[in-house]
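*Asks:* Counting from 2, one number per residue, gives the positions in the sequence shown under my numbering. We treat Cβ as the ideally placed atom computed from N, Cα and C, and that holds for glycine.
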Amino acid sequence: MDGCRLGQQQTYRSIKMIVTLIAAVSSNNVIGKNNQLIWHLPADLKHFRQLTTGHTVFMGRKTYGSIGKPLPNRRNVVISRTFTNIEGCEVVASLEDGLKLCAEEEEVFVIGGAEIYRQALPIANRIEITRIHQDFEGDTFFPETDPQEWQETNRQDFTSDEKNPLSYSFITLNRKTGNASFIN
Ligand SMILES: NC(=O)c1ccc[n+]([C@@H]2O[C@H](COP(=O)([O-])OP(=O)(O)OC[C@H]3O[C@@H](n4cnc5c(N)ncnc54)[C@H](OP(=O)(O)O)[C@@H]3O)[C@@H](O)[C@H]2O)c1
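1) From which residue to which residue does the beta strand (DSSP E) around D158 run?
2) What do you get for L122, buried or exposed, if any count of 16 or more other CB atoms within 10 angstroms of its CB means buried?
3) Using only the heavy atoms of ligand 1, determine whether one of them is closer than 7 Å to the beta carbon of G55.
4) Span of the alpha helix (DSSP H) holding L100?
5) Could you check whether Q152 and L174 sit closer than 8 Å to each other, using their CB atoms as the reference points?
6) Just to check, is the beta-carbon of R82 closer than 7 Å to a non-hydrogen atom of ligand 1?
7) If the criterion is Cβ atoms closer than 8 Å, does the pair V109 and Y118 meet it?
8) One question on the structure: do I23 and E91 come within less than 8 Å of each other, judged by their Cβ atoms?
9) Should L167 go down as buried or exposed, given a rule of 16 or more other Cβ atoms within 10 Å for buried?
10) Figure out for me which residue from F84, S28, I80 and T54 has the closest Cα to the Cα of L72.
11) Just reading off the beta strand (DSSP E) that A25 is part of, what are its end residues?
12) Inspect the CB distances between the region 61-68 and the region 34-52 and report whether three or more fall short of 8 Å.
13) Compare the C-alpha of Q51 against each of I32, N74 and G61 and name the closest.
14) G99: which of K17, I32, R127 and V58 sits nearest, CA to CA?
15) Count the other C-beta atoms from every protein chain shown that fall within 10 angstroms of the C-beta of G89, then say buried if there are 16 or more, exposed otherwise.
16) Relative to ligand 1, is the shortest distance from any of its heavy atoms to the C-beta of K101 smaller than 7 Å?
17) Identify the residues that DSSP records as bridge partners of L174: which are they?
What follows is the structure in structure tokens.
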């Protein structure tokens with residue numbers, strides 16, 4: 002696989018591949034509690050489905066457990082040190098192994114949870130955040146993004162309505178330096 006070294010990271014990915022993190026995050030950076038999502042925001046679920054359908058989604062085993070089934074019309078890759086087989090999914094022992102499986106793909110999505118976001122952030126090119134404009138109590142958090150490294154390139158703001166009881170924004174962040182790749 003094409004590649005070059007970035008710092009001491011032992012990370013593998015194709016140079017061409019875009020790695021996008023996608024997450025719904027409260028004002029105080031909470032993403033979940035007791036291995037579940039906290040809010041119900043149909044507009045966010047639709048946005049998530051539109052962006053990820055037809056692509057590979059990477060998730061940690063706990064996030065897979067909270068969803069409970071493979072996401073339809075997507076290649077589901079679950080990262081686990083303990084599981085080797087989950088019906089309808091490909092199970093890999095690390096994010097690096099998962100990325101190697103997808104070397105020819107244009108864009109892959111990392112869909113959480115906190116452990117996997119943390120590990121994928123250094124190699125991500127793009128982040129699609131649904132920012133929920135309210136604080137929540139939780140036990141899992143989205144990692145801090147350094148404003149020196151990330152630039153907001155798109156933003157749509159929405160107020161609450163009958164179906165969506167919270168105000169929120171869809172925000173795209175792109176890594177300022179372009180590629181954040183790779184080791185051969
Ligand atoms: N708001 C959002 O957008 C969003 C999105 C996704 C998830 N969430 C929330 O996030 C929470 C779950 O996040 P989490 O951080 O607790 O768990 P997680 O990241 O989903 O999964 C953690 C698990 O992934 C596996 N893993 C992690 N690093 C690994 C590595 N380097 N190599 C191999 N396996 C590795 C381990 O599985 P094993 O234990 O099987 O070895 C570990 O227990 C839930 O509350 C969920 O609802 C929120």
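*Replies:* Looking at the coordinates:
1) Annotation for D158: the continuous beta strand (DSSP E) segment containing it runs W151 to F159.
2) In the assembly as shown, L122 is a buried residue. Its beta-carbon has 16 or more other beta-carbons within 10 Å.
3) In this structure, the C-beta of G55 stays at least 7 Å away from each heavy atom of ligand 1.
4) For L100, the enclosing alpha helix (DSSP H) starts and ends at L96 to L102.
5) Cβ distance < 8 Å, so L174 and Q152 count as in contact.
6) Within the chosen limit of 7 Å, ligand 1 reaches the beta carbon of R82 through at least one heavy atom.
7) Not in contact: V109 and Y118 (Cβ atoms no closer than 8 Å).
8) No, they are not a contact pair.
9) Looking at its Cβ environment, which holds 16 or more other Cβ atoms inside 10 Å, L167 is buried.
10) When C-alpha distances from L72 are compared across F84, S28, I80 and T54, the shortest belongs to T54.
11) In the DSSP assignment, A25 falls within the unbroken beta strand (DSSP E) covering I19 to S27.
12) A contact between stretches requires three or more CB pairs, one per stretch, nearer than 8 Å, and the region 61-68 meets this requirement with the region 34-52.
13) Among I32, N74 and G61, the Cα nearest to that of Q51 is on N74.
14) Here the closest residue by C-alpha is V58.
15) The residue is exposed, with fewer than 16 neighbouring Cβ atoms inside 10 Å.
16) Outside the cutoff, so no.
17) DSSP output for L174 lists I128 and E153 as bridge partner(s).
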